[in-house]
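In this text, residue positions in the sequence shown follow the working numbering: the first is 1, and each later residue adds one.
Built from N, CA and C at the ideal position, the CB exists for glycine as well.
The structure appears below as structure tokens.
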Amino acid sequence: MALVPSVIESTARGERAYDIYSRLLRDRIIFLGSEIDDDVANLVIAQLLFLDSEDPDKEISIYINSPGGSISAGLAIYDTMRYVHPPVSTLCTGMAASAASLILVGGTKGKRLSLPHCQIVLHQPSGGMRTSQATDIEIHAREILRLREIIVGIYAQHTGRSTEQVERDIERDFFMTPEMAKDYGLIDAIIEPSLKSAGNGHSPNGQSVLKAPTVTPSS
């Protein structure tokens, strides 16, 4: 079982402990840091819907460090991102592969970001069949082709690339640096580390400094 750090905040009513993910959610940050399966997708979707109901205008941020996983689970998150009212920014913090790259590219235009040393990977859906029946194999093959067509369409829609090019590019695992992903149209900007005030990351009054990145849309 993964350890989940806790944070303690002092309030007028005393101290209160939060798990780190709940504390991030208070700042409208969703952290996707594992393989994507149905359980993970349901958690992310629930958080998106909660933040939408809490404030339909205030931006939601999804931080991504995921090797991907179930395409259907990834599409469920992607569709919910497009369904909710607030703009959704996406930030790759380590890896966004497979279904995770769909979530990255599905962010609001101009708000799809990456840190400098991330790995972004595109590929076509895989089989995972557990049957030897010829008719079942044919059914699964048709479903994989259907999902492939959906994925190609999503990448083409958000990057401006032709479906023919995307189809060629995902024939094999397509590894990208952030610079390549920006040129391809998967992300809009790369966040470079900013200089810290007084060399210690704090402003003169002792408060932490969080400088918003300057987003330069890809041409």
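Nearest to residue i by alpha carbon, out of the options?
{"i": "Pro-56", "options": "Arg-28, Gly-107, Leu-32", "result": "Arg-28"}
{"i": "Phe-31", "options": "Gly-14, Ile-103, Glu-54", "result": "Ile-103"}
{"i": "Thr-159", "options": "Leu-186, Arg-112, Arg-23", "result": "Leu-186"}
{"i": "Leu-221", "options": "Gln-133, Ile-60, Glu-35", "result": "In the structure displayed, the chain extends from 1 to 219; residue 221 sits before or after that span and is not available."}
{"i": "Ile-77", "options": "Met-95, Asp-39, Thr-93", "result": "Asp-39"}
{"i": "Val-166", "options": "Tyr-184, Ser-22, Arg-26", "result": "Tyr-184"}
{"i": "Arg-112", "options": "Pro-178, Arg-16, Leu-43, Tyr-21", "result": "Pro-178"}
Going by DSSP, what residues sit across from residue i in a beta bridge?
{"i": "Phe-175", "result": "Val-121"}
{"i": "Phe-31", "result": "Tyr-63"}
{"i": "Leu-91", "result": "Tyr-63, Leu-113"}
{"i": "Val-40", "result": "The partner list for Val-40 (beta bridge, DSSP) is empty, contrary to what the question assumes."}
{"i": "Ile-15", "result": "The identity of residue 15 in the sequence shown is Glu, whereas the question assumes Ile. Answer is Ser-10."}
{"i": "Ala-96", "result": "Ser-66, Ile-120"}
{"i": "Ile-103", "result": "For Ile-103, which the question treats as bridged, DSSP gives no partner whatsoever."}
{"i": "Ile-45", "result": "Beta-bridge pairing links Ile-45 to no other residue."}
{"i": "Ile-190", "result": "Ser-114"}
Residue i and residue j look like a contact to me (Cβ under 8 Å); what is the Cβ gap, rounded to whole Å?
{"i": "Val-88", "j": "Ile-64", "result": "Wrong, their Cβ atoms sit about 12 Å apart, outside the cutoff."}
{"i": "Ile-190", "j": "Lys-182", "result": "6 Å"}
{"i": "Val-121", "j": "Ala-97", "result": "4 Å"}
{"i": "Ile-20", "j": "Ala-73", "result": "Incorrect: roughly 23 Å between the Cβ atoms, too far for contact."}
* Asked: Of all the alpha helix (DSSP H) runs that stay within the bounds of the segment 138-174, which reach a length of 4 or more residues?
  -> Secondary structure in the segment 138-174: the alpha helix (DSSP H) runs of 4 residues or longer, each lying completely within the stretch, are 163-169 in chain order.
* Asked: How do the segment 46-61 and the segment 131-148 stand: do at least 3 beta-carbon pairs fall below 8 Å, yes or no?
  -> They do not touch, by the three-pair rule.
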